[in-house]
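Following: one structure in structure tokens, then a few remarks.
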Amino acid sequence: MADLLGSILSSMERPPQVGDQESRRKEEEQGARLKKMQEHEKRQKVEFRKRMEKEVSDFIQDSTQTKKKFDTMGKIERSILHDVVEVAGLTSFSFGEDEESRYVMILRREFAPSDEELDAYRKGEAWDPVKAEEKKSAEGAAQREAEADALRAPTKLTQPQITRTNTAT
């Protein structure tokens, strides 16, 4: 008889406890909040992409601009902007020391920056073409002077000395 009663009791479901219902309700609420936040982030990304597409389109329409510097933005926003710029057929670069200070600069392909200009932007400096030309000419003059000094200086050639050792004794 005890076995029959034990099998009946074990096959029955336990009544739901208040703690289980409450934890299940909290999980559902948390899942709903997470889904709502994900949808909000997705909408923000779509809106940001549309705004960037408009700004890039305005840049393309304005033929007086050769480059445009955007404000600092996060990694995801920068990647979206790089994608929009690539689709538009332009060139883009990210500059800045750390994540909080990184920004994107877009340029027309026909006005691609020189290596010196890119180095200046990477260092966080403003690009000055006149200053860069002066620096380049000064470096060229220094190199020419070094080459002239090398030609003027007498070169001393020495012949290697061969020593013979007498092994026959």
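Going by full-length UniProt numbering, the first residue of the sequence shown is number 1, and it counts up by one from there. For each residue, glycine too, the CB sits at the ideal point set by N, CA and C.
DSSP state of residue i mapped onto helix, strand, coil
i, result
"residue 63", "coil"
"residue 101", "helix"
"residue 131", "helix"
"residue 123", "coil"
8 angstroms CB neighbourhood of residue i in its chain, flanking five on each side removed
i, result
"residue 130", "none"
Neighbourhood of residue i by C-beta distance below 6 angstroms, restricted to the same chain and skipping five residues each side
i, result
"residue 69", "105"
"residue 52", "81, 84"
"residue 22", "none"
"residue 88", "56"
Boundaries (first-last residue) of the beta strand (DSSP E) holding residue i
i, result
"residue 94", "91-95"
Rounded straight-line distance, which links the Cα of residue j to that of residue i
i, j, result
"residue 45", "residue 121", "27 angstroms"
"residue 57", "residue 96", "25 angstroms"
"residue 76", "residue 148", "53 angstroms"
"residue 142", "residue 116", "18 angstroms"
"residue 65", "residue 59", "7 angstroms"
"residue 193", "residue 125", "A question about residue 193 goes unanswered here, because the residues of the chain that appear run from 1 up to 169."
"residue 20", "residue 28", "12 angstroms"
"residue 67", "residue 43", "29 angstroms"
"residue 92", "residue 79", "10 angstroms"
"residue 12", "residue 30", "31 angstroms"
"residue 170", "residue 61", "This structure gives no information on residue 170, because the portion of the chain shown stretches from 1 to 169."
"residue 86", "residue 112", "14 angstroms"
"residue 98", "residue 14", "57 angstroms"
"residue 123", "residue 146", "28 angstroms"
"residue 150", "residue 118", "33 angstroms"
"residue 138", "residue 63", "34 angstroms"
"residue 181", "residue 40", "For residue 181 there is no data in the structure shown, the boundaries of the chain being 1 and 169."
"residue 103", "residue 136", "27 angstroms"
Segment limits, alpha helix (DSSP H) that includes residue i
i, result
"residue 77", "75-88"
Cβ neighbours of residue i in the same chain (closer than 7 angstroms, five flanking residues each side left out)
i, result
"residue 101", "72"
"residue 49", "80, 84"
"residue 108", "66, 90"
Give a yes or no on contact between the stretch 17-35 and the stretch 71-85, applying the rule of three or more CB pairs nearer than 8 angstroms. The stretch 17-35 is not in contact with the stretch 71-85.
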